[in-house]
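Participant: Let me give you the structure first, and then I'll get to my questions.
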Amino acid sequence: KSYHMVFTGNPGTGKTTVARILGKIFYQMGALSAEKFVEADRSKLVGKYVGQTGPQTQDICKSAYGGILFIDEAYSLVGTSSQDFGSEAIATLIQEMENNRDKLVVIFAGYTKEMNDLLNVNPGLSSRIGEIIAVSYTHLTLPTNREVEICVGGGSLKKKKKNGRKRGGGRKKETRKRD
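For what it's worth, this note's numbering labels the leading residue of the sequence shown as 8, then goes sequentially.
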């Protein structure tokens with residue numbers, strides 16, 4: 008099971024912050040071997056000349072081994088012309104995501120529509136994405152460790168219910184006035 012993900016949402020909604028926190032959680036749970044977070048965008052992945060993009064993208068992936076590779080505005084990898092090298096970066100990322108899924112977690116981030124377009128460009132990319140998460144927080148409040156337990160066993164993240172019951176919507180305790 009791979010933990011590669013897509014985070015969608017507008018700027019300032021906390022995509023990078025959530026990815027950083029997730030990296031720390033994965034490290035603490037033993038899913039990652041290092042508390043490492045490497046940020047990249049098109050300029051770091053795509054070369055200017057023929058033959059540069061593949062090795063450049065591989066180098067960025069290798070620098071993230073053990074941790075999270077966060078690709079902001081990932082939709083910009085989709086080229087607008089046949090002479091664009093973004094598709095080579097995508098192909099290299101797919102290869103790294105498949106062959107080194109035990110060494111890194113890749114998180115792609117960007118606007119919702121554009122990220123859907125990116126996933127539709129190459130079916131190999133979308134098949135390697137475990138989760139697509141819409142991040143829409145304007146104010147992010149994290150629960151306490153007591154309220155939430157993250158489990159990485161079995162390849163899934165599970166939210167533990169507080170006191171074994173669903174949160175909210177439960178029975179209300181009746182109070183009576185004393186005469």
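Just so you know, even glycine gets a beta-carbon here, dropped at the ideal spot from N, CA and C.
Rounded to whole angstroms, what is the Cα-Cα separation between A26 and Y56?
Facilitator: Within the sequence shown, residue 26 is the residue found at index 19, counting from 1. Within the sequence shown, residue 56 is the residue found at index 49, counting from 1. The alpha-carbon atoms of A26 and Y56 are separated by roughly 31 Å.
Participant: What's the call for Q63, buried or exposed, on a 16-neighbour Cβ count within 10 Å?
Facilitator: Residue mapping note: residue 63 aligns to position 56 of the sequence shown, counting from 1. With 16 or more Cβ atoms within 10 Å of its Cβ, Q63 is classed as buried.
Participant: By DSSP, does L111 sit in helix, in strand, or in coil?
Facilitator: Locating residue 111 in the sequence shown gives position 104, where the first residue counts as 1. In the structure shown, L111 sits in coil (DSSP, three-state: anything other than H, G, I, E or B).
Participant: Is the beta carbon of A41 less than 7 Å from the beta carbon of G74?
Facilitator: Walking along the sequence shown from the start, residue 41 turns up at place 34. Walking along the sequence shown from the start, residue 74 turns up at place 67. Taking 7 Å as the Cβ cut-off, A41 and G74 qualify as a contacting pair.
Participant: Taking the alpha carbon of T23 as the reference point, which residue from A47, Q65, Y72 and V85 has its own alpha carbon closest?
Facilitator: Position 16 of the sequence shown, counting from 1, holds the residue named residue 23. Closest by alpha carbon: A47.
Participant: Along the chain, where does the alpha helix (DSSP H) containing I32 start, and where does it finish?
Facilitator: The residue labelled residue 32 in the question sits at position 25 within the sequence shown. Per DSSP, I32 belongs to the alpha helix (DSSP H) from K22 to Q35.
Participant: Short of 6 Å in beta carbon distance, which residues of its chain neighbour E80, apart from the five on each side in sequence? Order them along the chain.
Facilitator: As a first step, residue 80 must be located in the sequence shown, where it is residue number 73. Excluding residues within five positions, the ones whose Cβ falls inside 6 Å are D48 and G117.
Participant: Alpha carbon to alpha carbon, how far is G58 from T15? Give it in angstroms, no decimals.
Facilitator: By one-based count along the sequence shown, residue 15 stands at place 8. By one-based count along the sequence shown, residue 58 stands at place 51. Approximately 31 Å, taken between the alpha carbons.
Participant: Does the Cβ-Cβ distance between M12 and E138 come in under 7 Å?
Facilitator: The count along the sequence shown starts at 1 and reaches residue 12 at position 5. The count along the sequence shown starts at 1 and reaches residue 138 at position 131. Going by C-beta atoms, M12 is nearer than 7 Å to E138.
Participant: Would G61 and T99 qualify as a contact pair, given that the criterion is a beta-carbon distance under 7 Å?
Facilitator: Against the sequence shown, residue 61 aligns to sequence position 54. Against the sequence shown, residue 99 aligns to sequence position 92. Yes, Cβ-Cβ distance for G61 and T99 is below 7 Å.
Participant: Going by alpha carbons, who is nearest to R108 out of N17, D66, L76 and N129?
Facilitator: Locating residue 108 in the sequence shown gives position 101, counting from the first residue. Selected option, being the one with the closest Cα: L76.
Participant: Taking 7 Å as the threshold (C-beta atoms), are Y82 and M122 in contact?
Facilitator: Reading the sequence shown from its first residue, position 115 is the one you call residue 122. Reading the sequence shown from its first residue, position 75 is the one you call residue 82. In this structure, Y82 lies closer than 7 Å to M122 by Cβ.
Participant: Whole beta strand (DSSP E) runs in the region 60-122 with 3 or more residues, listed along the chain?
Facilitator: Taking only runs of at least 3 residues, the beta strand (DSSP E) segments lying wholly in the region 60-122 are 75-78 and 112-117.
Participant: Tell me which same chain residues have a C-beta within less than 7 Å of the C-beta of S70, skipping the five on either side of it?
Facilitator: The residue labelled residue 70 in the question sits at position 63 within the sequence shown. Excluding residues within five positions, the ones whose Cβ falls inside 7 Å are V45.
Participant: Is V128 helix, strand or coil by DSSP?
Facilitator: Residue mapping note: residue 128 aligns to position 121 of the sequence shown, counting from 1. If DSSP states are grouped into helix, strand and coil, V128 belongs with the helices.
Participant: Keeping to the same chain, check which residues put their C-beta closer than 8 Å to that of N127; ignore five residues upstream and five downstream.
Facilitator: As a working note, residue 127 is residue 120 in the sequence shown. If we look at N127 and ignore the five residues flanking it on each side, its Cβ neighbours are S133.
Participant: So, under 8 Å CB-CB, E103 and C68 are touching, yes? Tell me the CB distance rounded to an integer number of Å.
Facilitator: Position 96 of the sequence shown, counting from 1, holds the residue named residue 103. Position 61 of the sequence shown, counting from 1, holds the residue named residue 68. At roughly 4 Å, the Cβ-Cβ gap stays under 8 Å, so E103 and C68 are in contact.
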